[in-house]
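The listed protein sequences derive, respectively, from chains A and B. In my numbering, each residue carries its 1-based index in the first sequence increased by 26. For the record, in the second sequence the residue sitting at position 51 is 41 according to my numbering, with numbers rising by one throughout. Beneath this line is the structure, given in structure tokens, with notes to follow.
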Amino acid sequence: MTKHANPATAVSAGAILPGIRWSLSRDLRIALRSRAELGVQLLFYIIVVSLFPLATTPERNLLATMGPGVLWVAALLASLLSLPRLFASDYADGTLEQIALSPYPLEALVSGKILAHWLTTGLPVALLAPLLGVQYAMDAESGFVLAAALLVGTPILSLLGAIGAALTLGLRAGGSLLALLILPLYVPVLIFGAGSVDAVRAGLGATANLSLLGAGLLVAVVGAPFAATAAVRIALD
Amino acid sequence: MASINWFKYASPVTFFPLAGRLIPWFAWMAAILAAIGLYVGLVVAPTDFQQGDAYRIIFIHVPTAWLSMFLYVVMAIWSALALGFNTRVSAMMAQAIAPTGALMTFIALWTGAFWGRPTWGTYWAWDARMTSELILLFLYLGVIALRNAIDDPRRADRACGVLSLVGVVNVPIIYFSVKWWNTLHQGSSISMTAAPKMAAIMVSGMLIMSFAAWFYSIAVVLARVRTIMIDRERGAAWVGNLAEVKNA
């Protein structure tokens, strides 16, 4: 082991995992104590998905074609709707400032918050998807692939969304501005996610799409926490 | 050779007069090149035997489409410089480029629609290039909207800088995802790359127009950055001493 020139970096390097664990457990505890809020978000997802057949057609072939796309768009919207929860309330009551002053590196704390956000929004959405797929005349294999794609894709939504949520902290019209900033960045996730089910239905197999989603997830895991942390620091200045 | 002082013009005090001296040059070059380019494009270049005269819109469409992407990269580079060196002029340049970039993207989309109607039979298709150009417009509008939502210009600089950099990483990903998305479903029936080989005179007209659009963008961005400087530094002594401000 080489000795670190700067003792601060040596301390923070060892504090990464405890930092993630601390903010993850804190945010999960807060989320579990406001279960109604989580339930409302899931209901939003279910209702949006249920609206499309009413607005278009109950014809089974068309529904099967639209299904993956509709479920993915609804997942995007559900993620977008829950993003303000990531930082906004902590920012409003000054907790975020105290968190930033803690000895843990802020990157680790932000990563823990993102992980908690995904566990409370992305994960339930992914697990519910096969069930909702039945509404869209999806077979078992398509439903399974859809859930797998959502499991890989929704963490990317939380990671990218955290950047937007931090950039719009405390701004006027934060919610609609967040949509404008983040939805264009979500496009690749949407394309590969919905494309994976289409590929299965076309007999091509979902490997290519899922691999690309996985690659996107790796890039987002490496880059997004740092960008989100930079954005949090900007908001706190 | 003594090292060049790259930071000399990193201060609005020195950059403001430099920009003022450069604007007429770029503006005149843009006007002259645009006149030549339009003459070449509309008069000299022959009528395309497949597309008729409708193809002549490429003399506007292609230069603006190139610049729309190029300007985004330039904006991201200025943003990176602003975040890295904390230089005011870099952030102001990034701020000044965004509206011109959005304008170029919009013109490219608009002229593309008018070109597509007579040649492809439709104003809009979910072609890979068109879709990614549309998303590029959203990215520009997002940067501009974020800037407008933040009152403190220093915070706006850094927030827009982070957003531009995230966007510039995403632009190639978006482009390829859209391309693959499109080709996965059906063979692209309409493709820009399959266009018939262009005559040399058409290419030269397009290149002249590209330089005209480029110099126009530089002139407009420099003019806009001057107004941004005066606006932001209005409390500073050097603004009060400017001839333009004193005589106004």
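Where is the CB? At the ideal position from N, CA and C, for every residue including glycine. If you're wondering where the values come from, they're calculated on a predicted model, not measured in any experiment.
If you draw a straight line from the alpha carbon of S76(A) to that of M164(A), how long is it in whole angstroms? Each residue's Cα considered, the two are about 14 Å apart.
Quick one: measure Cβ to Cβ for I26(A) and S137(A), integer angstroms, because I've assumed they're closer than 8 Å. What is shown of chain A runs 27 to 263, which leaves residue 26(A) out entirely.
Can you give me, in chain order, the residues of the stretch 131 to 144 of chain B that have a beta carbon less than 7 Å from any beta carbon in chain A? Listed by position, the residues of the stretch 131 to 144 of chain B near chain A (Cβ gap below 7 Å) are L131, G132, A135, L136, A139, I140.
Quick check on the burial criterion: 16 or more other C-beta atoms within 10 angstroms. Buried or exposed for F205(B)? Taking all protein chains shown into account, F205(B) has 16 or more neighbouring C-beta atoms within 10 Å of its C-beta and is therefore buried.
Am I right that L23(B) and A190(B) are in contact with their C-beta atoms under 8 Å? What's the rounded C-beta distance? Going by Cβ atoms, the distance from L23(B) to A190(B) rounds to 18 Å, so no, they are not a contact pair.
Exposed unless 16 or more other CB atoms sit within 10 angstroms - verdict on N235(A): Per the 10 Å Cβ criterion, buried.
With a cut-off of 8 Å on the beta carbons, I'd call W98(B) and A55(B) a contact; round off their distance for me. With the sequence shown as reference, residue 98(B) is identified as Ala, and Trp is not the correct amino acid for it. Between A55(B) and A98(B) the Cβ distance is about 4 Å, and since that is below 8 Å, they are a contact.
Using the beta-carbon of each residue, which ones in chain B are nearer than 8 Å to L158(A)? Under the 8 Å cutoff, chain B gives no residues; its nearest Cβ is about 23 Å from L158(A).
Could you give the C-beta distance for V223(A) and V171(A), rounded to a whole number, given that I count them as a contact under 8 Å? Yes, V223(A) and V171(A) are in contact; Cβ-Cβ is about 5 Å, under 8 Å.
So, helix, strand or coil for D141(B), using DSSP? Note: D141(B) maps to coil in three-state DSSP.
Close-in-space but distant-in-sequence residues of the same chain around L155(B) (CB under 8 Å, 5 per side omitted): Excluding residues within five positions, the ones whose Cβ falls inside 8 Å are A66, S69, A70, L73.
Residues bridged to D221(B) by DSSP? Answer by DSSP bridge pairing: none, since D221(B) is not bridged.
Quick check on I140(B): buried or exposed, where buried means 16 or more other Cβ atoms within 10 Å of its Cβ? I140(B) counts as buried, since no fewer than 16 other beta carbons sit within 10 angstroms of its beta carbon.
Confirm, please, whether the CB-CB distance from L212(B) to L61(B) is below 8 Å. Going by C-beta atoms, L61(B) is not nearer than 8 Å to L212(B).
Roughly how many angstroms lie between the CA atoms of E133(A) and G201(A), to the nearest whole one? Looking at the two C-alpha atoms, the distance is approximately 24 Å.
What does a CB cutoff of less than 6 Å around G169(A) pick up in its chain, not counting 5 residues either side in sequence? P156, G159, listed in sequence order.
Per DSSP, D38(B) forms a beta bridge with which residues? Answer by DSSP bridge pairing, in chain order: G42(B).
Run of the alpha helix (DSSP H) containing I87(B), from where it starts to where it stops: In this chain, the alpha helix (DSSP H) harbouring I87(B) covers 78 to 110.
Verify the CB distance criterion: does S178(B) have a CB-CB separation below 8 Å to chain A? Confidence in S178(B) is poor, its pLDDT being 41 and thus under 50, which makes the residue's placement unreliable; the coordinate value appears in the next sentence. It does not; no Cβ of chain A falls within 8 Å.
Going by alpha carbons, who is nearest to W100(B) out of M82(B), E123(B), A118(B)? Checked all of M82(B), E123(B), A118(B); the closest Cα to W100(B) is E123(B).
On the three-state DSSP scale, how would you describe E133(A)? In the structure shown, E133(A) sits in a helix (DSSP, three-state: H, G or I).
Any beta carbon from chain B within less than 8 Å of P210(A)'s own beta carbon? So, interface residue.
Does S13(A) pass the burial test, meaning 16 or more other C-beta atoms within 10 Å, or should it be called exposed? No statement about residue 13(A) is possible, as the shown extent of chain A runs from 27 to 263 and does not include it.
Going along the chain, which residues of the stretch 177 to 208 of chain A sit with their C-beta nearer than 7 Å to a C-beta in chain B? Per Cβ criterion, the list reads I189, L193, L197, R198, A199, L203, L206, L207.
Within 7 Å of chain E by C-beta, residues of the stretch 136 to 157 of chain A in sequence order: Note that chain E does not occur in the displayed structure, where the protein chains are A and B.
Beta-carbon spacing of M196(B), I48(B) below 8 Å: Between M196(B) and I48(B), the C-beta gap is smaller than 8 Å, which places the two residues in contact.
Environment of W144(A) [buried if 16+ CB atoms lie within 10 Å]: Buried is the call here.
Close-in-space but distant-in-sequence residues of the same chain around L174(B) (CB under 8 Å, 5 per side omitted): The pLDDT assigned to L174(B) is 49, lower than 50, so where the model puts this residue is not dependable; a value taken from the coordinates is nonetheless given after this. Excluding residues within five positions, none has a Cβ falling inside 8 Å.
Any beta carbon from chain A within less than 8 Å of W171(B)'s own beta carbon? With respect to chain A, the C-beta atom of W171(B) has a partner C-beta closer than 8 Å.
Beta-carbon of A174(A) versus every beta-carbon of chain B: anything under 8 Å? No, because no Cβ of chain B sits closer than 8 Å to the Cβ of A174(A).
Cutoff 7 Å; reference H51(B); Cβ partners in own chain excluding five residues on either side: Cβ within range, chain order: A98, T101, G102, W105.
If you check the beta carbons only, do K169(B) and A115(B) fall under 8 Å apart? Their beta carbons are not under 8 Å apart, which means K169(B) does not touch A115(B) by this criterion.
Alpha-carbon spacing of L54(A) relative to V161(B), whole angstroms: Annotation: L54(A) to V161(B) spans about 34 Å, alpha carbon to alpha carbon.
Assuming T90(B) contacts S207(B) (C-beta within less than 8 Å), just tell me the rounded distance between them. Yes, they are in contact, since the Cβ atoms of T90(B) and S207(B) sit about 5 Å apart, within 8 Å.
Minimum C-alpha distance to A173(A) - residue among A101(A), F78(A), A257(A): The residue with the shortest Cα to Cα distance from A173(A) is A101(A).
Name, please, each residue of chain B whose Cβ falls closer than 9 Å to the Cβ of F218(A). Correct list: S167, W170, W171.
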